[in-house]
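Residue numbers (my numbering), protein chains in the order written: chain W, 1 to 111; chain A, 112 to 226.
Heads up, the beta-carbon is just placed ideally off N, CA and C, and yes, glycines get one too.
Here the structure is a predicted model, which means the values were calculated and not measured.
Have a look at the structure below, then the notes.
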Amino acid sequence: GIQVEQSPPDLILQEGANSTLRCNFSDSVNNLQWFHQNPWGQLINLFYIPSGTKQNGRLSATTVATERYSLLYISSSQTTDSGVYFCAARGLTGGGNKLTFGTGTQLKVEL
Amino acid sequence: KAGVTQTPRYLIKTRGQQVTLSCSPISGHRSVSWYQQTPGQGLQFLFEYFSETQRNKGNFPGRFSGRQFSNSRSEMNVSTLELGDSALYLCASSLAVDSSTDTQYFGPGTRLTVL
Chain W
1 GIQVEQSPPD
11 LILQEGANST
21 LRCNFSDSVN
31 NLQWFHQNPW
41 GQLINLFYIP
51 SGTKQNGRLS
61 ATTVATERYS
71 LLYISSSQTT
81 DSGVYFCAAR
91 GLTGGGNKLT
101 FGTGTQLKVE
111 L
Chain A
112 KAGVTQTPRY
122 LIKTRGQQVT
132 LSCSPISGHR
142 SVSWYQQTPG
152 QGLQFLFEYF
162 SETQRNKGNF
172 PGRFSGRQFS
182 NSRSEMNVST
192 LELGDSALYL
202 CASSLAVDSS
212 TDTQYFGPGT
222 RLTVL
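What follows is the structure, encoded as structure tokens:
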């Protein structure tokens, strides 16, 4: 099945800094999502982005499907951005709606 | 619209017992998927249900089972609990207009502790 890798595993930022999180996947995808997991465990949808670029406030994402990677940009980071960011993908083969998750990037934003 | 709801939120069981977790999808969503999250294995797919039928299954033993009702609500059951079953169990729902491209929305999870 598809493999999903995320980098870096950990990231510490000062408030106001910008960051880029990367997600590599091993197969062509028809579903790629970015999530933010808050301290209580809730996975919050950030982007559905199997290809192209999207922006939502201080967050934006780009997926280059032909090169099998996606990037999540966080600008002007705030302490509330802390948490774990997951990338999840569904490969073109296989049935149903199974998402394969990466191991996540643990982000800590400090004052 | 209300989001995905899961009950109970927290659960403590002892080894050998069984447990049933419940998930109510977003209104109108027809697909429900279950995932297990542990510190060691990360987020892993358990199974997916669509129209009361299991459509996809992950690599978990037969002690893990589930079902979906006609109103799309889903339950998962774990029998003969083991210490390693302690985890956060997450449920996700999607419209399933086109199952391969649907956005999945997650519930708050049920945190199961097995003693």
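Would you grab the beta carbon distance between residue i and residue j for me? Rounded to a whole angstrom, and I think it's under 8 Å.
| i | j | result |
| --- | --- | --- |
| residue 117 of chain A | residue 218 of chain A | 4 Å |
| residue 156 of chain A | residue 99 of chain W | 7 Å |
| residue 105 of chain W | residue 11 of chain W | 6 Å |
| residue 81 of chain W | residue 109 of chain W | 5 Å |
| residue 143 of chain A | residue 160 of chain A | 5 Å |
| residue 154 of chain W | residue 13 of chain W | Residue 154 of chain W lies beyond the range of chain W shown here (1 to 111); nothing can be said about it. |
Check whether the Cβ of residue i lies closer than 8 Å to any Cβ atom in chain W.
| i | result |
| --- | --- |
| residue 182 of chain A | no |
| residue 216 of chain A | yes |
| residue 139 of chain A | no |
| residue 133 of chain A | no |
Determine the closest residue to residue i out of the options, with distance taken between C-alpha atoms.
| i | options | result |
| --- | --- | --- |
| residue 30 of chain W | W:70, W:109, W:108 | W:70 |
| residue 36 of chain W | W:93, W:84, W:20 | W:84 |
| residue 176 of chain A | A:224, A:194, A:133 | A:133 |
| residue 214 of chain A | W:34, W:21, W:56 | W:34 |
Would you say residue i lies against chain A (beta-carbon separation less than 8 Å)?
| i | result |
| --- | --- |
| residue 83 of chain W | no |
| residue 99 of chain W | yes |
| residue 33 of chain W | yes |
Which residues in chain W sit within 9 Å of residue i, going by Cβ to Cβ distance?
| i | result |
| --- | --- |
| residue 220 of chain A | 40, 41, 42, 43 |
| residue 188 of chain A | Simply none; closest approach about 20 Å. |
Kindly list, in the order they appear in chain W, the residues whose Cβ is closer than 8 Å to that of residue i.
| i | result |
| --- | --- |
| residue 156 of chain A | 98, 99, 100 |
| residue 206 of chain A | Simply none; closest approach about 10 Å. |
Run through chain A and tell me which residues come within less than 8 Å of residue i, C-beta to C-beta.
| i | result |
| --- | --- |
| residue 86 of chain W | 154 |
Jot down the residue ranges of each uninterrupted beta strand (DSSP E) in the segment 128-190 of chain A, minimum 3 residues, whole runs only, in chain order.
The qualifying runs are 130-135, 142-149, 153-161, 164-168, 175-179, 185-189.
Output the residue ranges of the beta strand (DSSP E) runs that lie fully inside the segment 24-88 of chain W and measure 3 residues or longer, sorted by chain position.
DSSP runs (the beta strand (DSSP E)) wholly in the segment 24-88 of chain W: 29-37, 43-48, 52-56, 59-64, 69-74.
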